[in-house]
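To start, the structure under review is shown below, and the notes come after it.
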Amino acid sequence: MNIFPAVDIKDGKCVRLRQGVEDQVTVFSDDPAAMARQWVAVGARWLHVIDLDGAFSGIPRNMDLIRELCSGVSIPVQLGGGIRSVDVAAKYLEAGVERLIIGTVALENPPLFRELCAAFPGRIGVSLDARDGSLKTKGWVEDAGKTVADVVPELEAAGASFFIYTDISRDGMQSGVNIPALEALLGMTRLPVLIAGGISTLEDVQAVFPLREKGLAGIVTGKAIYAGSLDLKAALDWLAAQA
Numbered sequence: 056m057n058i059f060p061a062v063d064i065k066d067g068k069c070v071r072l073r074q075g076v077e078d079q080v081t082v083f084s085d086d087p088a089a090m091a092r093q094w095v096a097v098g099a100r101w102l103h104v105i106d107l108d109g110a111f112s113g114i115p116r117n118m119d120l121i122r123e124l125c126s127g128v129s130i131p132v133q134l135g136g137g138i139r140s141v142d143v144a145a146k147y148l149e150a151g152v153e154r155l156i157i158g159t160v161a162l163e164n165p166p167l168f169r170e171l172c173a174a175f176p177g178r179i180g181v182s183l184d185a186r187d188g189s190l191k192t193k194g195w196v197e198d199a200g201k202t203v204a205d206v207v208p209e210l211e212a213a214g215a216s217f218f219i220y221t222d223i224s225r226d227g228m229q230s231g232v233n234i235p236a237l238e239a240l241l242g243m244t245r246l247p248v249l250i251a252g253g254i255s256t257l258e259d260v261q262a263v264f265p266l267r268e269k270g271l272a273g274i275v276t277g278k279a280i281y282a283g284s285l286d287l288k289a290a291l292d293w294l295a296a297q298a
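Right, here's the structure in full:
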């Protein structure tokens, strides 16, 4: 099981949003690429990068910055935010991104999602972002009118290679993981699942660790490692000791 440090980019800065709200911003660094290198130095084996400007606008806003970030690290990067065409997906992969996270398109444009999966097999995952069980799209601001259970079978059939599940109500709140919702998703799919939202301490990491046997492949964490409630190196060392 891996820990994926989150580098969320907005207006060229590394930020975190509170519950995904666009104007609830905390800036942690003016240099996202440098922040990425910092997490690599600590021992991270993957990076989780989100173009928040792209997520809200539907148009990539930070391509050059993301290219710089990828070229400056020695570990793979997964990226989401505003990927709504095969052309944009191809440009990100050419820029050095290892795999892509699709949200809005996966839920609202199944033919395009299938095209993405066919064009880039094994490199397309889906972000399942839910509040009170209802999936959200377009940077978490619109209701998709579907639940996780509604969409998982069709996304698997379309060619998704992994899922990232976020409980929006817990994102940036450092309130612990929604274990029942996570277990329900793990019971629906054989694909690898990452959990985002709610991880705030080493105890939270330890609480979800047993779920690796059910398909939990990783944890995405942002505010906790920036604010200091979760020591990334200590958490990585603990995971390594369990191997």
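Just so you know, we're using our numbering here: the sequence shown kicks off at 56 and counts up by one.
Using N, Cα and C, we set each Cβ at its ideal position, and we do this for glycine too.
| Query | Result |
| --- | --- |
| The beta strand (DSSP E) that contains residue 63, what's its start and end? | 57 to 65 |
| If you measure between the beta carbons of residue 66 and residue 108, is that distance less than 9 Å? | yes |
| For residue 111, report the span of its alpha helix (DSSP H) as first-last. | 107 to 112 |
| What are the complete alpha helix (DSSP H) segments, minimum 4 residues, inside the stretch 155 to 220? | 159 to 163, 165 to 174, 203 to 213 |
| Using a Cβ-Cβ cut-off of 7 Å (strictly less than) and excluding sequence neighbours within five positions of residue 162, which residues of its own chain qualify? | 190, 192, 199, 201, 206 |
| Per DSSP, what kind of secondary structure is residue 274 in: helix, strand or coil? | strand |
| In whole angstroms, what is the alpha-carbon distance linking residue 181 and residue 145? | 17 Å |
| Could you spell out the range, first to last residue, of the beta strand (DSSP E) harbouring residue 132? | 132 to 135 |
| Residues in the same chain with beta-carbon distance under 8 Å from residue 92, minus the five sequence neighbours each way, listed in chain order, please. | 127, 128 |
| Does DSSP classify residue 129 as helix, strand or coil? | coil |
| Output needed for residue 254: all residues of its chain with C-beta closer than 7 Å, excluding positions within five of it in sequence on either side, in chain order. | 232, 260, 274, 276, 279, 285 |
| Mind checking which residues open and close the alpha helix (DSSP H) that includes residue 146? | 141 to 149 |
| At which residues does the beta strand (DSSP E) containing residue 248 begin and terminate? | 248 to 251 |
| Going by the beta-carbon positions, is the gap between residue 132 and residue 151 smaller than 9 Å? | yes |
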